[in-house]
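Below is one structure, written out as structure tokens, with a few remarks after it.
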Ligand code: COA
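In my numbering, the protein residues as written are 81 to 468.
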């Protein structure tokens with residue numbers, strides 16, 4: 081490259097926050113991740129209480145409205161989410177036109193982008209219109225993910241049943257069969273547990289798009305695109321693959337020890353914020369035990385148990401504990417869900433947090449426009465093409 085390099089121009093080299101690790105971008109009342117105590121709160125409510133007593137629909141209300149619903153409000157949010165669950169024939173046609181081997185998370189991203197063009201309120205920026213759009217998006221995600229799963233397997237698309245809760249109906253639309261009580265509850269809890277996790281990469285992507293005053297759909301498409309990456313949405317797939325590759329409990333300790341000896345990382349362990357057990361992992365661990373017992377797959381659960389015991393024992397000093405991904409992949413596998421749907425299911429849940437974050441940001445909007453520090457040439461001579 082020609083020309084002088086005058087990196088800093090007349091600016092003293094600033095501190096560069098790679099990955100924005102230590103930057104706060106807004107005040108929030110949506111979600112607290114307490115990494116020291118291993119606590120996760122949505123609007124002040126402990127995730128452990130929600131996993132025990134709540135439903136995904138109630139969690140959606142909590143995230144979006146900031147408080148527990150009264151009975152009539154809960155009935156209404158359930159009814160609204162059920163009423164908005166059907167997708168159009170045109171959407172099903174679009175899904176059928178996708179290559180069968182397309183990653184389902186890409187198909188979801190395309191489908192939501194398509195959907196935006198049919199929403200009469202798309203460019204209405206009022207809070208009411210955004211609330212409606214948020215509900216329509218939350219309702220449409222499970223139907224789209226399930227419909228593509230059916231289509232790519234050459235199966236009939238199952239229409240939603242408004243009498244069922246969102247999680248149970250999602251399972252039914254995926255499999256064609258009504259889910260048993262335990263499976264439906266496990267899916268409901270998994271959706272509750274993934275609904276928000278403070279200012280993570282996809283919520284930030286949604287916030288950046290939203291900060292330009294683009295519409296809610298555009299913000300959500302940016303979030304889905306961001307969730308796709310294996311550093312964000314994909315770790316549970318990798319964790320499950322490891323467990324399946326280990327195969328038998330007898331090999332689990334040896335696998336962990338060998339990996340650590342070779343300075344490898346074990347997927348599903350460690351977290352930027354949690355320095356103890358991720359509370360979501362503990363809840364899903366109990367459910368994976370129940371599902372494994374019922375399905376005669378205790379060997380796989382034992383693989384997970386021994387891997388966990390070994391990692392926690394060996395890496396105690398580094399504060400490495402299982403994160404949500406270690407058990408969510410196992411739970412979905414035990415529910416019969418194929419691995420490439422794990423990230424789309426994450427999106428089915430996280431759409432609630434994304435919409436809450438963007439709407440919160442809009443209450444005090446400021447265009448996100450950070451700086452970068454130029455270190456390239458400043459006097460590059462423009463050479464005509466035949467003389468380069
Ligand atoms: N397996 C083995 N060792 C691990 C580990 C893992 N999963 N996670 C962290 N460590 C070790 C690191 O090697 C490092 O050791 P060192 O200090 O001797 O170099 C130390 O613990 C600190 O890890 P570091 O990668 O600096 O922590 P981080 O906060 O930057 O990273 C993660 C957090 C999540 C990126 C990291 O733990 C990881 O890669 N985990 C596996 C992938 C995963 O499960 N991702 C999903 C997260 S929800």
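Heads up, the beta-carbon is just placed ideally off N, CA and C, and yes, glycines get one too.
Please read all numbers here as calculations on a predicted model, not as lab measurements.
When the Cα atoms are used, residue 93 and residue 209 turn out to be separated by approximately 45 angstroms. Here residue 365 has 407 as same chain residues with Cβ atoms under 6 angstroms from its own Cβ, once five neighbours each way along the sequence are excluded. If you draw a 10 Å sphere on the C-beta of residue 454, you find fewer than 16 other C-beta atoms in it, and that means exposed. A residue is called buried when at least 16 other Cβ atoms come within 10 angstroms of its Cβ; residue 206 does not meet this threshold and is exposed.
Residue burial is scored here from C-beta neighbours: residue 167 has at least 16 other C-beta atoms within 10 angstroms and is therefore classed as buried. In this structure, DSSP gives residue 453 a state outside helix and strand, which the three-state scheme calls coil. In the three-state reduction of the DSSP assignment, residue 357 falls in the coil class. Between the stretch 334–341 and the stretch 422–441, the count of Cβ pairs shorter than 8 angstroms is below three; the stretches do not touch. Going by DSSP, residue 244 is part of no alpha helix (DSSP H) at all; its letter is neither H nor E. Under a 10 Å Cβ-count criterion, residue 135 is classified as buried, with 16 or more other Cβ atoms of the shown protein chains found around its own Cβ. Note that the C-beta distance between residue 402 and residue 358 is below 8 angstroms. For residue 402, the pairing in a beta bridge is given by DSSP as 349. For residue 112, the enclosing beta strand (DSSP E) has its first and last residue at 111–114.
DSSP lists 121 as the bridge partner or partners of residue 126. The alpha-carbon separation between residue 244 and residue 350 amounts to approximately 36 angstroms. C-alpha of residue 325 to C-alpha of residue 344: approximately 16 angstroms in a straight line. The residue from 423, 234, 452 and 435 with its alpha-carbon nearest to that of residue 184 is 423.
At a threshold of 7 angstroms, residue 331 does not count as near the ligand COA, since its beta carbon sits no closer than that to any of the ligand's heavy atoms. Secondary structure at residue 249: helix, using DSSP grouped into helix, strand and coil. Relative to residue 117, the option among 303, 353, 189 and 190 whose CA is nearest is 353. About 5 angstroms separates the Cβ atoms of residue 123 and residue 146, confirming a contact at the 8 angstroms cut-off. Not a single heavy atom of the ligand COA lies less than 7 angstroms from the C-beta of residue 186. Short of 6 angstroms from the beta carbon of residue 413, and not among the five residues preceding or following it, lie these beta carbons of its own chain, in chain order: 320.
One thing to note: residue 316 has its Cβ within 8 angstroms of the Cβ of residue 405. Per DSSP, residue 466 lies in no alpha helix (DSSP H) and is assigned neither H nor E.
By the neighbour-count criterion, in which a residue is buried when 16 or more other Cβ atoms sit within 10 angstroms of its Cβ, residue 462 is exposed. Around the Cβ of residue 91, a 10 Å sphere holds fewer than 16 other Cβ atoms; the residue is exposed.
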